[in-house]
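If you read the protein sequences in the order shown, they are chains A and B. Using this note's numbering, read the first sequence as starting at 28 and increasing by one per residue. Using this note's numbering, read the second sequence as starting at 28 and increasing by one per residue.
2 protein chains.
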Amino acid sequence: MLKLIPIFSILVMLGCSPDAGHKIFVDEQGSTPVDYVNPFIGTEDMGHMFPGATAPFGLVQLSPETELEPYSYGRGYNSDAYRYCSGYQYNDNTIVGFAHTHFNGTGHADLGDFLIMPTVGAVHLDAGSAESPENGYRSRFSHDSESASPGFYAVLLDDYNIDVKLTATERTGMHSYIFPESDQAHIILDLTTSIYNYPGKLVWASIRVENDTLITGYRQTRGWARSHRLYFAMALSRPIDSYSLHDLEQLPYSGFYRKFDQQHNFPERAGRQIKANFDFQTKAGDEILIKFALSSVSTANALENMREEIPGWDFDKVHQSVRGKWNRELSRIIIDADKERKINFYTALYHSFLSPVIYTDVNGEYRGLDENVHQSKAFSNHSIFSLWDTYRALHPLFTIIQQDRTNDLISSMLAHYDQSVHRVLPVWSHHGCENWCMIGYHAVPVIADAYLKGLRNYDVDKALDAMLASANFKLYDGIEDYLNYGYVPADRQSSSASKTLEYAYDDWTIARMAASMGRDSIADTFMKRAGYYKNIYDEDTGFLRARMTDGSFTPDFDPMDTHGQGYIEGNAWNYSLYVPHDIKGFIDLIGGRENLIQWLDSLFIMDVSDEALAGSEDVTREGMIGNYVHGNEPSHHVPYMYCYAGQPWKTQKRIHQIVNSMYSAAPDGLCGNDDCGQMSAWYIFSTMGFYPVAPGTNQYVIGSPCINKAELHLENGKVFTMIAEGLSGENIYIQSAILNGSVLQRCYLEHKEIMAGGLIHFKMGNTPNKEWASADISVPYSMTQ
Amino acid sequence: MLKLIPIFSILVMLGCSPDAGHKIFVDEQGSTPVDYVNPFIGTEDMGHMFPGATAPFGLVQLSPETELEPYSYGRGYNSDAYRYCSGYQYNDNTIVGFAHTHFNGTGHADLGDFLIMPTVGAVHLDAGSAESPENGYRSRFSHDSESASPGFYAVLLDDYNIDVKLTATERTGMHSYIFPESDQAHIILDLTTSIYNYPGKLVWASIRVENDTLITGYRQTRGWARSHRLYFAMALSRPIDSYSLHDLEQLPYSGFYRKFDQQHNFPERAGRQIKANFDFQTKAGDEILIKFALSSVSTANALENMREEIPGWDFDKVHQSVRGKWNRELSRIIIDADKERKINFYTALYHSFLSPVIYTDVNGEYRGLDENVHQSKAFSNHSIFSLWDTYRALHPLFTIIQQDRTNDLISSMLAHYDQSVHRVLPVWSHHGCENWCMIGYHAVPVIADAYLKGLRNYDVDKALDAMLASANFKLYDGIEDYLNYGYVPADRQSSSASKTLEYAYDDWTIARMAASMGRDSIADTFMKRAGYYKNIYDEDTGFLRARMTDGSFTPDFDPMDTHGQGYIEGNAWNYSLYVPHDIKGFIDLIGGRENLIQWLDSLFIMDVSDEALAGSEDVTREGMIGNYVHGNEPSHHVPYMYCYAGQPWKTQKRIHQIVNSMYSAAPDGLCGNDDCGQMSAWYIFSTMGFYPVAPGTNQYVIGSPCINKAELHLENGKVFTMIAEGLSGENIYIQSAILNGSVLQRCYLEHKEIMAGGLIHFKMGNTPNKEWASADISVPYSMTQ
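#1: Determine which residues of the segment 371-400 of chain B have a Cβ less than 8 Å from any Cβ of chain A, and write them out in chain order.
#2: How is S707/B classed by DSSP in three states: helix, strand or coil?
#3: Pull up the CB-CB distance for C703/A and T133/A, whole angstroms please, since I reckon it's below 8 Å.
#4: Helix, strand or coil for Q429/B, going by three-state DSSP, please let me know.
#5: For a contact defined as C-beta to C-beta under 9 Å, what are the partners of L263/B on chain A?
#6: In angstroms with no decimal places, state the Cα-to-Cα distance between A262/B and G244/A.
#7: Along the chain, where does the alpha helix (DSSP H) that runs through G395/A open and close?
#8: Please report how far the alpha carbon of Y393/B lies from the alpha carbon of D171/B, in whole angstroms.
#9: Within its chain, find whatever has a CB closer than 7 Å to the CB of H135/A; leave out the 5 residues flanking it on each side and keep chain order.
#10: Do the CB positions of W415/A and V454/A come within less than 9 Å of each other?
#11: Go ahead and label Q277/B buried or exposed: buried means 16 or more other beta carbons lie within 10 angstroms of its beta carbon, across all protein chains shown.
#12: With a threshold of 9 Å between beta-carbons, can C703/B be considered close to chain A, or not?
#13: Select from A524/B, T527/B, Q88/B, I437/B the residue whose C-alpha is nearest the C-alpha of L321/B.
#14: Does any CB atom of chain A fall closer than 9 Å to the CB of K30/B?
#15: For chain B, is any of its Cβ atoms less than 9 Å away from the one on R110/A?
#16: Taking the alpha-carbon positions, what's the V413/B to Q812/B distance?
#17: Counting along the chain, where does the alpha helix (DSSP H) carrying E621/B start and finish?
#18: How about P45/B: is its C-beta nearer than 9 Å to some C-beta of chain A?
#19: Quick one: does P516/A have its CB under 9 Å from some CB of chain B?
#20: Which term fits L275/B, buried or exposed, when burial requires 16 or more other beta carbons within 10 angstroms of its beta carbon?
#21: Pull up the distance between the alpha-carbon of Q308/B and that of D365/B, whole angstroms please.
#22: What does A593/B touch in chain A if you count any residue whose Cβ is under 8 Å from its own?
#23: If you draw a straight line from the C-alpha of V720/B to the C-alpha of Y775/B, how long is it?
#24: Alpha carbon to alpha carbon, how far is S203/B from F342/B?
#25: Under 7 Å, CB to CB, which of the residues in the segment 451-470 of chain A have a partner in chain B?
#26: From G658/A to Y444/A, what does the alpha carbon distance come to, in whole angstroms?
#27: Going straight from the alpha carbon of V665/B to that of E208/B, what length do you get?
#28: Are there 16 or more other CB atoms within 10 angstroms of the CB of G681/A, so buried, or fewer, so exposed?
#29: Can you confirm whether H443/A, when its beta carbon is compared against all beta carbons of chain B, has any partner nearer than 9 Å?
#30: What number of angstroms, rounded off, separates the C-alpha of L218/B from the C-alpha of L218/A?
#31: List the residues of chain A that S325/B touches, going by C-beta distances under 7 Å, in chain order.
#32: Is it the case that the segment 736-755 of chain B contacts the segment 772-786 of chain B, given that we only count it when at least three CB pairs across the two stretches are under 8 Å?
#33: Apart from the five residues just before and just after L152/A, which ones in its own chain have a Cβ nearer than 8 Å to its Cβ?
#34: Use the C-beta contact count for P582/B: other C-beta atoms within 10 angstroms, 16 or more gives buried, fewer gives exposed.
#35: From F423/A to A327/A, what distance separates their C-alpha atoms?
#36: First and last residue of the alpha helix (DSSP H) that includes G351/B?
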């Protein structure tokens, strides 16, 4: 039983404009959704999450760094650069400082802009090492005096006895530092540090002390984002006593600035080794607050962002405001479940709402892919598109519970297309840059899926043009060969089999959208391309495999290997199953349902040698069940494939197994990179009982609910409810399903059924109902059905 | 006799809006002012001028570089970095390429942005050496096939048989290259080169091939301008056949761009070693045109600048348009003189109109000192303020014949003040950066002089605030000490005597302006400061000298030395005379008129040893008469000082001597750096017969005319005429002067007399009229008069 209380009174109290669509729910324990979020989940080992403070989809993600990795070139999956993708590892016991930008759960490292650290004692300009933190500005800390919740982070810096609290609005971070008594209290601002900070990454930095409570500046880094410029404005709640801006580089030429004593209270500095210390005399308990705003455009815009978002100095008010925002966002889905599952669910929902981030200033300006400043008039521009990951479940989740934002995200991608010198959609983009990471052109299925679900608040004709341009971008990753050969040849491209499979799926979504728009010729062309996956079917081995230009398959086949076999982040056993748009066609190809069932049964129980595991990428033992890899994306749809072969009960069993073994409410609770919310979005869908196996179908394949109840509070005012009657640790099998009073014998829901509001009522039991949804007619869409 | 013909018909033909104030004059030889300009004057040795194409006050100054100096750290005055301040030395016989920004006549080096070179044959990405140009893209050339005129430059590149023509509008350069037949014709764009290109100067560069006729990009350099960002848009008149964008740096991390073949026709590149070659197949005589536009703001603005300024591809039309602009600008003063003097005069006027440059885009945006983008609504923002040089005569010249622009220049300086973190006016600024070169706060006299002459189309109260802030900017160059001690102490500051003298003069201009505004308290304070020059008078030696904090003068006095004695670019004999605002007070200090006359007489005839010359700075033997230094600025007023001592005939003699010996119509025709027009402005004033010895007095001290006639066509529609009746090589002495029909017995003109229009009629003779203007009452203003 849930109590629903209107939030208007609280909203007024907090000074926020009420958002009628999203009320905050309080459950029987008196807790709101925010109370169930544990930002430390995924901060240990492979999750690559950060525990810091952020608003929903906020640009500023203000979080502690526990290590800086300036020297690790390695990209191996045990390398430090990889471990510190989010800057934080839970097992560390020192904090280097608090930086303002982070990724949530990526497998590649960047950002970590604008590191701030409060200290007392002698000024240190380097971080020092974890072994000897006293040699730098770094401090020891303990998890005992650390806490985090949405929009809030707190820690005690043991070496300095400084109490730290952090909160954030969308574009502005707020720091509270409570100092001990000291005549040498400092705030260090290090403009040289980055996540994955190889030598030469910092291209340029500039700092200006505008007055004794306001500092501005910017920096440019060359990292994963090649030309990343970010501006800041930093306000202090009390005047600086003295300060030093340092340029630690030995310059061949320093101009006539040498006239000045630049070491002491000289208010501007620019270069490639810029650091600053701001000095104070403090009494015990003195609090110094910082507001630190970002902009991609200019320091003037950063300052405007700050003044608009946080006009005053009331930390608690800002914290409560962002907490309220989180509660409204998280109240889009209200669930009933036991406490641990609630924690996992709301933390997953929280993780799903961390990116793409808002990448436009309060005045509507942002720096685009062409590095020009653009005005986003009709939409809110967003950045951080980890599309190879997120097209699978995160964006489909958004088509249900973030419809307005989905339109914004598509407009953002179309702006990227407009600004792209190649005139293509983003592949993996962040902070106004394209980093080209991973494969495929998966902006395409995101747009097609949204379009087919009726989300069309953008230029739909331009959208189709952009999708076609991306699908025909011949310079990119073997597309020209793909068009010539009907597959990407292994002797001309790496990851050729994976690319062929993903291109074919992406192409199918273009065909679907074009058909819906009456663009039949395009639909025909791309429906043909959608079948190209068959061109790499190897009858001899039964796998979809890398093929050479001469038509032969690559020699020395090893179905447990990844890169050597033309796959990426998945082996033949897993990647061959990547035909989400035509599972029926795939079944026919491999000789019938029984073969698929046998394949899947084997996959989940087979042994994987340590040697084979070492040859894979972004995969650990913890993320695996047999040879099924949940810790990475390519197999996320695989457990649902039983539904296409008449054995949905096996899907039901595996979903519960995955939910129980791959997610836990602990720092190491994620079995792999969260990948900007994809791992979490899988959890949200799957625990609610359905999953978008093939975005573009408008269908969600029913797995097995893992929570007692879910209410989806939709932007159209409707509520769609899922009830799993009798669910327990043993009762994991669907006995029957009733949709809005009618018996449901198919194992999928349609998007329009959810959006119309209503009720899906599952009855659960401890033995499989092998009849339910097992008939041919119950099977979800396949292209060649 | 001069013929005046209206220019409206020509203007309409050229598509320009007619400017009623400025007509183009044609003389009896059928020549217009432009025909008398020789841009090669000052391109040899010390002049540091460039011969390339530019519009009046144009940002784009498109000119050949004859050398690139990547390795010369030296700042010695024979160093290559010094020799190539403008990129061109007339005695060289190779051209490296054509760059788009230059200084006119500076003594410090920067700019040279965006070097383009057309070639045929194998692609070279380095310039090669002058000795072996065939090893690079450099080419031999000969002055026989080189020509230049205002807004136009042409040369034949001998090694490639490519005919080059250049022209320019304010923000856009236009290149015409006529190629021989070749299947390997190229246009090289080298983003790594700069004038004074020490290692690491190029911070970042970016290039995008938007389509086969449009390239955009930008770069940032750290030079004299510390954070100099400049954007470009480059259009080609015919499509590129193929191209390569190179990054020659070995990168520690190159991201996922490695996916692509970036060597061939890949349309974007960014880094620190970016170069490009664009390839064509040409038939003999094929012309390829380039439009290359600049912006401080963005590539989008650069493109807008180009489209606004040069919409089509008609090179001759652009050339004729800029030629017309020059003729209208140069027609502000119409003179009668022999041909060589006309050439020197109009070339000097041309040099005076090269900077400050327009530093705002056609849409009004520009990047300010705070690196934010600003909109200059009410004025045209300008940059390149070489104020230590130009406050002396160039800006006073502008107060007569560039009044509207003077208001713009002051507004530009006030914008600088607004954007300055120090909240001070520019010292030496260029391209939105402050380089702090030289000494003093000479924006102050520029503003005061203009204000006192009635030019007040800016916020005059803010102007006074800004002047006060600059004069009290304690971090700067000993100002705090100057206020404490009444002089800048030599044991705490270099160039302490020079600073004391120039601060005192600058302070006097504040006093004058404040008094005029009724701000008496400020006037009193600064009138006191104006007398601080007396605090460094050494009775024992009779010089104004560097003094220590303890009040003693520096030991080991050498009146022929410069830096060792607390001076800059001038020794005790010259710099002690720097009291332009109180020459009467100075005369009293040194014991009377006879002592000054003896000083001056000695100065012009004394021997200077080679050793003493070597110890000076920015000075060569060619720029000296005795120990008087004309090749540098501090003594520019000195020849006029006889007028204050009752012997104007000696001024008359020396003016003719200087004009005849220090200026000639040849490449080596300037005896020192033109210093952004100061050397030239001295020439214009002095040949017309008067000079602003002390800007801020509203007086121009009469020297001796060196041209038969000058008509100043003023913006208020009035004409002020100077006639030197009987002038000849021997007739250099003023016998009498009649101003508007009345006998003039004083040796100065007032600003209002010029602005009212009228006639000053000198009668010249071959013997001095020692009576004329010799009475006390005829002497120009002095503060303690």
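We put the beta carbon where it would ideally sit given N, CA and C, even for glycine.
Reading from the atomic positions:
#1: D397, E398, N399, V400
#2: helix
#3: 6 Å
#4: coil
#5: Ordered by position in chain A, no residue passes the 9 Å Cβ test against L263/B, which lies about 16 Å from the chain.
#6: 34 Å
#7: Note, G395/A: premise wrong, no alpha helix (DSSP H); not H, not E.
#8: 40 Å
#9: C112, W251, C464
#10: yes
#11: exposed
#12: no
#13: Q88/B
#14: Only weak support exists for where K30/B lies, its pLDDT of 45 falling under 50; the value from the coordinates is given anyway. Cβ-Cβ to chain A under 9 Å: no for K30/B.
#15: no
#16: One detail in the question is off: residue 413/B reads as Ser in this sequence, not Val. Answer to the nearest angstrom: the Cα atoms are 31 Å apart.
#17: 620-632
#18: At P45/B, the pLDDT of 38 sits below 50, so the modelled position is not reliable and the matter cannot be decided from this model.
#19: no
#20: exposed
#21: 50 Å
#22: It is worth fixing the name first, because residue 593/B is Gly in this sequence and not Ala. Per Cβ cutoff of 8 Å: no residues; G593/B is ~15 Å from chain A at best.
#23: 10 Å
#24: 7 Å
#25: N462, W463, C464
#26: 31 Å
#27: 59 Å
#28: Per the sequence presented here, residue 681/A reads as Arg, with Gly not at that position. The residue in question, R681/A, is buried, as its Cβ has 16 or more Cβ neighbours within 10 Å.
#29: no
#30: 27 Å
#31: N399, V400
#32: yes
#33: Y164, I215, D217, H273, L275, K302, N304
#34: exposed
#35: Correcting the residue identity first, residue 423/A is Pro in this sequence and not Phe. Cα to Cα, the separation comes out at about 37 Å.
#36: 342-357
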